[in-house]
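Participant: After the structure tokens below, expect a handful of questions from me.
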Amino acid sequence: MNNDLKIFTVVVVEDEKLLAKNIAKNIEMVNPNFKVIRIESNGEDALAFIKEQTPNVIFTDIQMPVMDGIELVKHIAEYNNYIKCVILSGHDDFAYAKSAIEYGVFAYLLKPVNLDELSSLLKRLEQNFLSTHEMLESVGKPPAYNSEEIAGLIKKYIEQNYQKPIDLNLIADHFSFSPSYLTKIFVKYVHVTPSKYIQNYRINTAKQLLGDYTLTINMVANLVGYTDPFHFSKSFKQVTGVSPANYRDNLGKNRGPSGQGV
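All letters in the sequence shown, in the order written, are residues 0 to 261 by numbering that gives the first Met the number 0.
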């Protein structure tokens, strides 16, 4: 990775000016790889800046004028899911802060911010960004995407890894989203759940492979990511209405006499 990719940009959104400056100072002090590029006092101004500059991380208070932190996080989730949001909250509004979990919030910090907790959080963020950058490089696209493009990246990831034992939780962990939030994004643009897309992609690939009579049905199952032949047969029938063996028989009838390996 290039050196310039090791600096992660931060926006602090907090209406108490002194507290905001203190948070910004502590972020840069405990981890020099994070640079605070802006401090805003309300969500509306912060959102306008975020859309211009696309920072890596947002640290936001909840109770603010014009637009509160929850609303800000919601807008950011709709705009660009690779921006990581950290919510700063006091004891009084911590329960309310948790309501933002559906928007893919990365973490919550209780005010006043503990430096050890902040340091640990920044390390987790750094590791997350580095692994995400490697993933994006592997699919040949630069970071900074909206929800629709992220759904496309998830599709591509599935299509490149369907032969492996992938599932919803593994994919969610790979993209650093909660399973529920990843599903919400995917269904919005692909119109099926990630789990259903995996199943359909595997079975459609299996249908093509079943036309190759040098492959046994068990071999086909393994080639499309199923280690259990019974599970493969059940899944195949669920999608196509027939078993793999019957599907292959039907192919043979349509094509005329042919050898078959089962």
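Idealized CB from N, CA, C, for every residue including glycine.
For residue 74, which residues in the same chain have their Cβ closer than 6 Å to its Cβ, ignoring the five residues on either side in sequence?
Facilitator: Translated into positions along the sequence shown, residue 74 becomes position 75. Cβ neighbours of residue 74 beyond the five flanking positions: 46.
Participant: Consult DSSP for residue 226 and reduce its assignment to one of helix, strand or coil.
Facilitator: Residue 226 sits at position 227 when you count from the first residue of the sequence shown. Of the three classes helix, strand and coil, the one that applies to residue 226 here is coil, per DSSP.
Participant: Considering only the alpha carbon of each residue, which of 64, 179, 68 and 238 lies closest to residue 204?
Facilitator: Against the sequence shown, residue 204 aligns to sequence position 205. The residue with the shortest Cα to Cα distance from residue 204 is 238.
Participant: Can you confirm whether residue 233, when its beta carbon is compared against all beta carbons of chain E, has any partner nearer than 8 Å?
Facilitator: Structure shown: chain E not included; a single protein chain is present.
Participant: If we call anything under 8 Å between Cβ atoms a contact, is residue 197 one with residue 149?
Facilitator: By 1-based counting over the sequence shown, the position of residue 197 is 198. By 1-based counting over the sequence shown, the position of residue 149 is 150. Cβ atoms of residue 197 and residue 149: not closer than 8 Å.
Participant: Please list the terminal residues of the continuous beta strand (DSSP E) segment that includes residue 147.
Facilitator: For the purposes of this step, residue 147 is taken as the residue at position 148 of the sequence shown. Not the beta strand (DSSP E): residue 147 falls in the alpha helix (DSSP H), residues 146–160.
Participant: Which of the three DSSP states is assigned to residue 191 in this structure?
Facilitator: For the purposes of this step, residue 191 is taken as the residue at position 192 of the sequence shown. Residue state, collapsed to three classes: coil.
Participant: Given a cut-off of 8 Å on the beta-carbon distance, is the pair residue 161 and residue 223 in contact?
Facilitator: The residue given as residue 161 occupies position 162 in the sequence shown. The residue given as residue 223 occupies position 224 in the sequence shown. Result yes, Cβ atoms of residue 161 and residue 223 sit closer than 8 Å.
Participant: For the 8 Å Cβ check, are there 3 or more pairs between the segment 61–74 and the segment 16–29?
Facilitator: With the cut-off at 8 Å, the segment 61–74 and the segment 16–29 do not touch.
Participant: Excluding sequence positions up to five away, which residues of its chain have a Cβ less than 7 Å from the Cβ of residue 84?
Facilitator: In the sequence shown, the residue the question calls residue 84 occupies position 85. Closer than 7 Å at the Cβ level, and outside the excluded window around residue 84, lie 57, 59, 72, 75, 104 and 105.
Participant: Roughly how many angstroms lie between the CA atoms of residue 6 and residue 89, to the nearest whole one?
Facilitator: The residue given as residue 6 occupies position 7 in the sequence shown. The residue given as residue 89 occupies position 90 in the sequence shown. Rounded to whole angstroms, residue 6 to residue 89 spans 29 Å at the Cα level.
Participant: Return helix, strand or coil for residue 15, following the three-state DSSP convention.
Facilitator: Here residue 15 refers to the residue found at position 16 of the sequence shown. If DSSP states are grouped into helix, strand and coil, residue 15 belongs with coil.
Participant: Could you check whether residue 54 and residue 12 sit closer than 8 Å to each other, using their CB atoms as the reference points?
Facilitator: Along the sequence shown, one-based indexing puts residue 12 at 13. Along the sequence shown, one-based indexing puts residue 54 at 55. No.
Participant: Using the C-alpha atoms, what's the distance from residue 130 back to residue 213?
Facilitator: Here the question's residue 213 lines up with position 214 in the sequence shown. Here the question's residue 130 lines up with position 131 in the sequence shown. Answer to the nearest angstrom: the Cα atoms are 40 Å apart.
Participant: I'd like to check one pair, residue 52 with residue 38: are the Cβ atoms closer than 8 Å?
Facilitator: The sequence position of residue 38 within the sequence shown is 39, counting from 1. The sequence position of residue 52 within the sequence shown is 53, counting from 1. It is not a contact, given that the beta carbons lie outside the stated cut-off.
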